[in-house]
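J.: Next up is a structure, given as structure tokens.
Numbering (the numbering used here), first residue to last: 874 to 1844.
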């Protein structure tokens, strides 16, 4: 089933694990014991082991970027230069990826985490987000639509606080956030990923929480030609708790790396394509509980309900290319290209209706409860009359496109190493949202019977409509509820087509040389200019029945089939509304204040100059290395939009709701010092210290200039409105990090870290005094009474830089092979980490535009108090087996609402379990072939949203398991 948008036409079993600080401490102790065993075995071994995951360079890199380059894998079979009599052991697969990542972490002067490919085109997990979500202090929010890891939070801060780079460069994005979604980056095209938890001055585009640098492979870092192809089949929605149909998919990848002209020219290309149609998912949306009149009193009943069966689909084509030219040791030029284009779709078939609450339309009468069974003030069952239900057949989809080109040239002149870097990145996204309604036309009413309600179990109530909504004569396409006002403005559905376009251009010049000046051993400086232009436009409007006679016009669903309405227990009619504009519906284009508020544009011009020195010295008898530097950033920003006088907005057309174009802007400076120091405690132990000032810029839609205003309908008469804020400055913070790390070569490590962030500012929406005089016309009504009578001065609710608070926590991590304990466990290993984060930030609910819940204050968005990860693996004789679990506690997450706006919602804590196994043929004519199988969401973990009580979810979505089966051939 292809459901893409196009520009052209009972509780499941739960498997959880507990990781307390005490347990983690025991694991650290165990690892120290392992270190002793490791040291003894090393002392007795006369051979030298080299791995394909590390470089043999003699000098230690001074940054995570250099460390990553040093750790780029040499493909199996490459020729290595070794001394006579020295044995070489080839490390591949899981251990290869682990050891390369450890090398990056160990050799960096900043505090970083890293993921490296286990082989060409093979990250440890199916996606970039899943791979990095297993790192210490990092966690992922699953996508509400697919159930897969999507948004990344680092150290308790929302995803928008991360800076995301591709090969060290900023990119365009297709959403309101600055950084692109991780779904745009197929895992097969990534060579490594580095997360900077502490910044250094040379990294441009940093985030307040972290900077995530995605890196493709560089061909001259490989020893010889390598070609890898893979093909995979997927089954989705397996063992769904409601027994819904399964989905399927396929994925193909090709990677080619080669060197020419005596290794002076290197070429790397990669292509991937995948298609998936998801299995059926069931969702339930609770309207909570409320009271109704019954027999002269009040009784408690459900508020209402919504059931859906959801099927997702996606396609993506991804490609990268890297061309390197290095004729000598003094010159290197690299051109990187990245392309990702995809289509996503989601088909919803469902049914909704109110119980105590009315559906909100002009055609539904006040509900009357009868034949109720009452127990302790709770109507456990009852029948409603004057009731209407709605059959929903919605289709949502999008086409996105990301293109990025980077060109970097390095030139060594005398003692100086200089570089010039150019970036061009463009992203576009065209979305479509068809919403269609079916049921009884106009003011015709129905009945509803409900049972099995105990006052709280809203997810378990049984509903039975009086009519059969699987009957084509009952479920007709029409304006069921009168949601757009009734007879004067019929709405049998809705269509929205938002379009986002973002362009980023940048140029960077740097220079660096070795010096001898006290502890400074090298000094570098640079300048970066970034130009960004982003806009959101689109069309939307009411769908009306084509050729319909009057507001109650109705049509039969074309091509309808009978389908389940989620987990409701009854069936409804289902159809595909795509392409129905012009055949079934006509579009009545709609423009009002809320829609104008979605149209905006933002431009930024950011100049960054930096100065950084590399440190190498001795302090208190301890050798140390690191860096110290400062960035000076000047930002010039401008936001545009539309101002709407709501009193003049008498309809929903451009003529009846006039708008005035407006724009404003601001310029400001940020000076960001940073210090990173790594103290050598001997025996491969080190203590790292990081101090820095950091910033994260506001989401781009918060910088829009548009607003809508009118006289307040409650309280004192006064002009009120809401808008973005083009003068908004960044989130700002001071950061302190301290980390202890013990390494066992590149085989494993244990670490313990503490961190503290002082959030100096936090962006909140608050009302401020504002003079609307520039936007008031002679026909604009002003307050007639009260202290603001006749005044154009009122209140404007907009995002501002408010006060922040503090964030602190600790992280524990163990990553060791069990062969360090005993050779009887050779091949086995474990990666386990735990983080605990606390925040003093308590934010007013009124400071955010769209919060799902009824509270006066909210916690820090994105913050899970506890996050734990466990990965057990076995790798030997070609076999690779791994089991991984990711656990996070409840948090305030972000989803998209039915109007394409970002909404904050509470998401229940969860534990997801993934399994994988593979075998690589070791000899014969099939050598280089690997067969593998993977299972995701093994325990069928649901996605649960709630408002105030986690025990009573307001929205539930089940996904079932996902199975992958495939083969890879490398030669």
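Glycine included, C-beta positions come from ideal geometry on N, C-alpha and C.
Whose C-beta lies closer than 8 Å to the C-beta of residue 1111 among residues of the same chain, with five residues either side of it excluded?
T.: Same-chain partners within the cutoff: 1119, 1152, 1833, 1834, 1835 and 1836.
J.: Specify, as a first and last residue, the run of the alpha helix (DSSP H) that residue 1331 falls within.
T.: Neither: residue 1331 is in no alpha helix (DSSP H) and is coded neither H nor E.
J.: Strictly by DSSP, which residues pair up with residue 1138?
T.: According to DSSP, residue 1138 bridges with 1133 and 1198.
J.: Return the Cβ separation of residue 1569 and residue 1603 in integer angstroms, given the expectation that the two are a contact with Cβ distance under 8 Å.
T.: At roughly 6 Å, the Cβ-Cβ gap stays under 8 Å, so residue 1569 and residue 1603 are in contact.
J.: Bridge partners of residue 1585, per DSSP?
T.: The partner list for residue 1585 (beta bridge, DSSP) is empty, contrary to what the question assumes.
J.: Do you know how far the Cα of residue 1085 is from the Cα of residue 1504?
T.: Rounded to whole angstroms, residue 1504 to residue 1085 spans 19 Å at the Cα level.
J.: Going by alpha carbons, who is nearest to residue 1699 out of 1748, 1680, 1744 and 1673?
T.: For the residues 1748, 1680, 1744 and 1673, the minimum Cα distance to residue 1699 belongs to 1748.
J.: Cβ of residue 1695 within 8 Å of Cβ of residue 1029?
T.: Not closer than 8 Å, so no.
J.: With a threshold of 16 other CB atoms inside 10 Å of the CB of residue 1220, please say whether the residue is buried or exposed.
T.: Buried, since its Cβ has 16 or more Cβ neighbours within 10 Å.
J.: Could you pull out every unbroken alpha helix (DSSP H) segment of at least 4 residues lying fully inside the segment 1543-1575, listed in chain order?
T.: Entirely contained in the segment 1543-1575, not one alpha helix (DSSP H) run reaches 4 residues.
J.: From the DSSP secondary-structure annotation, give me the bridge partner or partners of residue 1190.
T.: Answer by DSSP bridge pairing, in chain order: 1146 and 1214.
J.: Is there contact here, the segment 1123-1130 with the segment 1155-1166, by at least three beta-carbon pairs under 8 Å?
T.: Because the criterion of three Cβ pairs below 8 Å is not met, the segment 1123-1130 and the segment 1155-1166 do not touch.
J.: Counting pairs of Cβ atoms below 8 Å between the segment 1448-1461 and the segment 1580-1587, do you hit three or more?
T.: The segment 1448-1461 vs the segment 1580-1587: no contact.
J.: Between residue 1204 and the ligand PLP, is there a pair consisting of the residue's CB and a ligand heavy atom that are separated by less than 7 Å?
T.: In terms of ligand content, the structure shown is empty, and the ligand PLP therefore cannot be addressed.
J.: Tell me, which residues are paired with residue 1714 by DSSP?
T.: According to DSSP, residue 1714 bridges with nothing at all.
J.: Per DSSP, what kind of secondary structure is residue 1518 in: helix, strand or coil?
T.: DSSP places residue 1518 in strand when its eight states are reduced to three.
J.: Put residue 1001 into one of helix, strand or coil per three-state DSSP.
T.: DSSP places residue 1001 in helix when its eight states are reduced to three.
J.: Considering only the alpha carbon of each residue, which of 1363, 1373 and 1365 lies closest to residue 1302?
T.: If we check each option's Cα against that of residue 1302, 1373 comes out closest.
J.: If you check the beta carbons only, do residue 1040 and residue 1089 fall under 8 Å apart?
T.: Taking 8 Å as the Cβ cut-off, residue 1040 and residue 1089 qualify as a contacting pair.
J.: Return the bridge partner residues of residue 1429 from the DSSP annotation.
T.: Answer is none; residue 1429 lacks a bridge partner.
J.: Please determine, among 1617, 1045 and 1023, the residue with the shortest C-alpha to C-alpha distance to residue 1279.
T.: Selected option, being the one with the closest Cα: 1045.
J.: Looking only at its own chain, which residues have a Cβ that is under 8 Å from the Cβ of residue 950, when we skip the five neighbours before and after it?
T.: Because the pLDDT at residue 950 is just 34, under 50, the model does not fix this residue reliably, and the point stays unresolved.
J.: Which value, in whole angstroms, describes the spacing of the CA atoms of residue 1654 and residue 1234?
T.: Cα to Cα, the separation comes out at about 28 Å.
J.: So, for residue 1137: in the same chain, excluding its five sequence neighbours on each side, which residues have a beta-carbon less than 7 Å away from its beta-carbon?
T.: Within the same chain, residue 1137 has close Cβ partners 1198, 1199 and 1200.
J.: Once the 5 residues before and after residue 1251 are set aside, which same chain residues still bring their CB inside 6 Å of it?
T.: For residue 1251, where only same-chain residues beyond five positions count, the Cβ hits under 6 Å are 1173 and 1328.
J.: Distance cutoff 8 Å, beta carbons only. Does residue 1097 sit that close to anything in chain C?
T.: Protein chain content of the structure displayed is limited to a single chain, and chain C is not contained in it.
J.: If you compare alpha carbons, which of 1473, 1753 and 979 is closest to residue 1512?
T.: Of 1473, 1753 and 979, the residue nearest in Cα terms is 1473.
J.: Taking buried to mean at least 16 other C-beta atoms within 10 Å of its own C-beta, is residue 1171 buried or exposed?
T.: The residue in question, residue 1171, is exposed, as its Cβ has fewer than 16 Cβ neighbours within 10 Å.
J.: Residue 1286: buried (16+ other C-beta within 10 angstroms of its C-beta) or exposed?
T.: The residue is exposed, with fewer than 16 neighbouring Cβ atoms inside 10 Å.
J.: Could you name the residues of the same chain whose beta carbon sits closer than 6 Å to that of residue 1735, not counting the 5 residues immediately before and after it, in chain order?
T.: Excluding residues within five positions, the ones whose Cβ falls inside 6 Å are 1026, 1030 and 1031.
J.: Would you please state the rounded distance, in angstroms, between the beta carbons of residue 1689 and residue 1673? I believe it to be under 8 Å.
T.: At roughly 49 Å, the Cβ-Cβ gap does not stay under 8 Å, so residue 1689 and residue 1673 are not in contact.
J.: Write down the C-beta distance between residue 1554 and residue 1495 rounded to the nearest angstrom, noting that I regard them as a contact closer than 8 Å.
T.: Correct: roughly 7 Å between the Cβ atoms.
J.: Measure the C-alpha to C-alpha separation of residue 1059 and residue 1828 and round it to an integer number of angstroms.
T.: Spanning the two alpha carbons is a distance of roughly 30 Å.
J.: If you run the structure through DSSP and keep just helix, strand and coil, what is residue 973?
T.: Residue state, collapsed to three classes: helix.
J.: In three-state DSSP terms, what is residue 900?
T.: Since pLDDT at residue 900 reaches only 43, below the 50 mark, its modelled position is unreliable, and the value read off the structure follows with that caveat. Reduced to three states, the DSSP call for residue 900 is helix.
J.: Would you tell me roughly how many angstroms separate the C-alpha atoms of residue 1421 and residue 1348, rounded to the nearest one?
T.: Taking the straight line from one Cα to the other gives about 17 Å.
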